[in-house]
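In full-length UniProt numbering, the protein residues as written are 1 to 385.
Glycine included, every Cβ here is placed at the ideal spot set by N, Cα and C.
Just below is one structure, and these are the notes that go with it.
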């Protein structure tokens, strides 16, 4: 039991510091001659890069450090995710952006699309045309054609050939990763959960910055086994009485951890994340049979997101997660000027009211000046529960 107590913090720190420590790993990858693809969005099909023998990495920056530089070009009332990402690119302060041989963007929002135009002046950029419908033959055909176009771009830029067998193997490996991360976050269906929401988020967010696939899945499995063992040995990091919270809304990670911290400091526990970082990208498996490109296209197109209309899949997932994790309340985190999520927040609120689940919307940015306000609102919400 003593050994587990000392092992668990090491596991958590491994994932919590993965983004920072990954900088050195990325340099080694580049020095070895391996190609690197940077991407911004959950809709980007990582299987295509994996099938080409490439390394992929998320480029969305989550700090306000470079926003002043970005605002010399971009409007100040733009989404902080867009400003931060562009700011780190133009200042060369993001090693992942610096080492990316190809940057893949997507038409999820107008602000990102226009930022990608500026980014293309300094980086090799490819844009995926993402349809806003998920249920029409035309949308499915367009998206599959876009992924074929991406595959051809990858083959051309990196001098590789991506076969159907390569794609099937990539689907299989990505499914293993999804299954393990889902198993990890579903540990929090226990009462009380075996880890805090902050720890869960750090593992989910940090896993994308571990670039050796075999080592990554081994570490995730080790984390699952260690958490289970510690729980069986009687460790309870969360109180039985802590209200159970689900977080939905914009992508989480980096500075936005402050939302999780104020909720848990108020006495609640975050048991689930519907956001891009969590269940949204991990809940489903990609079909391994049939034409692999069609399977990949159909799988990614069905991700629930506020940019889709109608956004049925997001609400279906929210309903399932609320029941599965027995949540006492839902907190929606929206970034300032993220119009799709800000508008859809009204629908989410009404949906939760019909389910009889208390709901709170917290709007924030990548700064820390609003922590006091967030703490006050989160504290009042948790006290109400």
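Distance check for residue j and residue i, CA to CA, integer angstroms please.
i           : j           : result
residue 84  : residue 232 : 42 Å
residue 425 : residue 188 : What the structure shows of the chain is the stretch from 1 to 385, and residue 425 is not part of that stretch, so it cannot be assessed.
residue 162 : residue 170 : 11 Å
residue 3   : residue 310 : Low local confidence applies: a pLDDT of 37 at residue 3 is under 50, so the model's placement there is unreliable, with the coordinate-based value given in what follows. When rounded, the distance between both Cα atoms is 50 Å.
residue 111 : residue 74  : 9 Å
residue 353 : residue 359 : 8 Å
residue 178 : residue 217 : 10 Å
residue 348 : residue 220 : 32 Å
residue 253 : residue 140 : 30 Å
residue 166 : residue 339 : 38 Å
residue 142 : residue 136 : 10 Å
residue 21  : residue 56  : 16 Å
residue 28  : residue 18  : 15 Å
residue 277 : residue 205 : 6 Å
residue 384 : residue 351 : 19 Å
residue 30  : residue 50  : 16 Å
residue 214 : residue 287 : 21 Å
residue 45  : residue 284 : 14 Å
residue 308 : residue 168 : 27 Å
residue 296 : residue 151 : 12 Å
residue 76  : residue 26  : 32 Å
residue 234 : residue 24  : 37 Å
residue 68  : residue 289 : 48 Å
residue 327 : residue 237 : 18 Å
residue 32  : residue 13  : 27 Å
residue 72  : residue 255 : 22 Å
residue 212 : residue 90  : 28 Å
Cβ atoms of residue j and residue i: under 8 Å apart, would you say?
i           : j           : result
residue 304 : residue 208 : no
residue 199 : residue 294 : no
residue 230 : residue 269 : no
residue 86  : residue 70  : yes
residue 63  : residue 273 : no
residue 192 : residue 266 : no
residue 368 : residue 333 : no
residue 129 : residue 107 : yes
residue 251 : residue 362 : no
residue 335 : residue 257 : no
residue 160 : residue 52  : yes
residue 260 : residue 371 : no
residue 292 : residue 92  : no
residue 357 : residue 330 : yes
Taking residue i as the reference, give the member of the options with the closest Cα.
i           : options              : result
residue 79  : 98, 114 and 122      : 114
residue 134 : 235, 302 and 164     : 302
residue 325 : 65, 32, 197 and 226  : 197
residue 315 : 345, 290 and 337     : 345
residue 248 : 292, 281, 227 and 45 : 281
residue 226 : 210, 255 and 194     : 194
residue 146 : 290, 43 and 331      : 43
residue 181 : 15, 374 and 378      : 15
residue 41  : 127, 72 and 33       : 127
Apply the 10 Å Cβ neighbour rule to residue i and answer buried if 16 or more other Cβ atoms are within range, or exposed otherwise.
i           : result
residue 122 : exposed
residue 172 : exposed
residue 382 : buried
residue 376 : exposed
residue 100 : buried
residue 264 : buried
residue 380 : exposed
residue 148 : exposed
residue 39  : buried
residue 244 : buried
residue 5   : Residue placement at residue 5 cannot be trusted, given a pLDDT of 39 that sits under 50; what the coordinates show is reported in the next sentence. By the neighbour-count rule (16 or more Cβ atoms within 10 Å), residue 5 is not buried but exposed.
residue 343 : exposed
residue 306 : buried
residue 312 : exposed
residue 210 : buried
residue 337 : buried
Go through its chain and collect everything with a Cβ distance to residue i's Cβ below 7 Å, but skip five positions before and after it.
i           : result
residue 125 : 103, 105, 116 and 119
residue 321 : 246, 272, 274 and 279
residue 88  : 61, 66, 94 and 97
residue 131 : 139, 142 and 143
With a CB to CB cut of under 6 Å and the five nearest residues on each side skipped, what residues in its chain are close to residue i?
i           : result
residue 54  : 35 and 37
residue 157 : 102
residue 174 : 47
residue 299 : 286
residue 341 : 249, 250, 306 and 334
Cutting at 8 Å between CB atoms, please list the residues of its own chain near residue i, excluding the five before and the five after it.
i           : result
residue 355 : 319 and 322
residue 154 : 37, 48, 49, 52, 54, 102, 160 and 162
residue 388 : No answer is possible for residue 388: the residues shown for the chain start at 1 and end at 385.
Comparing the CB of residue i with every heavy atom of the ligand SAM, is any distance shorter than 7 Å?
i           : result
residue 376 : Questions concerning the ligand SAM fall outside what the structure shown contains, since it holds no ligand whatsoever.
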